[in-house]
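Enquirer: Under mature numbering (1 follows the signal peptide of the UniProt record, and there is no 0), the residues of the sequence shown are numbered -23 to -1, 1 to 120, in order.
Glycine is no exception: its CB is placed at the ideal position from the N, C-alpha and C atoms.
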Amino acid sequence: MLVTNHVLSGAVVAALCPGPVSAFTAGVVSHFLLDTVPHWGDVEFDEMVPIGVRDGLVGLAAMTLVHGATPPGRRLRVLAGMSGAAFPDLDKPALLFFGRSPFPRAWDDFHVSIQRESRDRMTQEFLVGGAFLAAALVAVRRR
Ligand SMILES: [Zn+2]
C-alpha cells in the first residue's frame, strides 16, 4: 500500500487515541492491518523506486496538510499516529539509500508475508487515498 495512504489512515486512527504513545502504536498496528488488504504492488524494486519516491514526497505533503488542519492541542498525537503508520515502510528508503533494512529479519519477513499485492490496483490506491484524506480531515477536527 502507498505510504501516503498509511499516513492518512494513521491520522484517522490517532484521532481515536488518548495520547501520542497510543497513537504511534495504533498507527503501526494500522499499517500491518492495511497491508493485509489487497492493494497495489508486486512490482520489481527498480520499477517501484520512482513511484515510491513520489509517494514518499506526497506522503510528507499529506502529513504537512493534515498537521496544519489539526487543532494545535491534538497535533502531537496526530503526528505520532501518522508517523507510526509510516514507520514500518522505513525499510524502503533504507534499502534504497543504505542497501539494508533497519528492522530485524523476522520483522521484514512478517511484513513481506502479509502483503496482498497486484500491479492492477493503482486506481484503487487513489480512491482509498481520497477517502482517507476526507476521513482524516474530519477526524482530526472532530470534538
Ligand atoms: Zn507495509
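1) Return the Cβ separation of Gly33 and Gly(-14) in integer angstroms, given the expectation that the two are a contact with Cβ distance under 8 Å.
2) Is any heavy atom in ligand 1 found nearer than 6 Å to the beta carbon of Asp66?
3) Quick one: give me the first and last residue of the alpha helix (DSSP H) that Leu10 is part of.
4) What number of angstroms, rounded off, separates the C-alpha of His(-18) from the C-alpha of Ala3?
5) What is the DSSP secondary structure of Glu102, counted as helix, strand or coil?
6) Can you find a heavy atom of ligand 1 that lies under 6 Å from the Cβ of Asp12?
Expert: Walking through what the data contain:
1) As a working note, residue 33 is residue 56 in the sequence shown. As a working note, residue -14 is residue 10 in the sequence shown. Actually they do not touch by this definition, with Cβ atoms about 15 Å apart.
2) Here the question's residue 66 lines up with position 89 in the sequence shown. At a threshold of 6 Å, Asp66 counts as near ligand 1, since its beta carbon sits closer than that to one of the ligand's heavy atoms.
3) Taking the sequence shown and counting its residues from 1, the one referred to as residue 10 is at position 33. Counting along the chain, the alpha helix (DSSP H) containing Leu10 begins and ends at -4 to 12.
4) For this step, residue -18 is matched to residue 6 along the sequence shown. For this step, residue 3 is matched to residue 26 along the sequence shown. Each residue's alpha carbon lies about 12 Å from the other.
5) Taking the sequence shown and counting its residues from 1, the one referred to as residue 102 is at position 125. In this structure, Glu102 counts as helix in the three-state DSSP scheme.
6) For the purposes of this step, residue 12 is taken as residue 35 along the sequence shown, with counting starting at 1. Yes.
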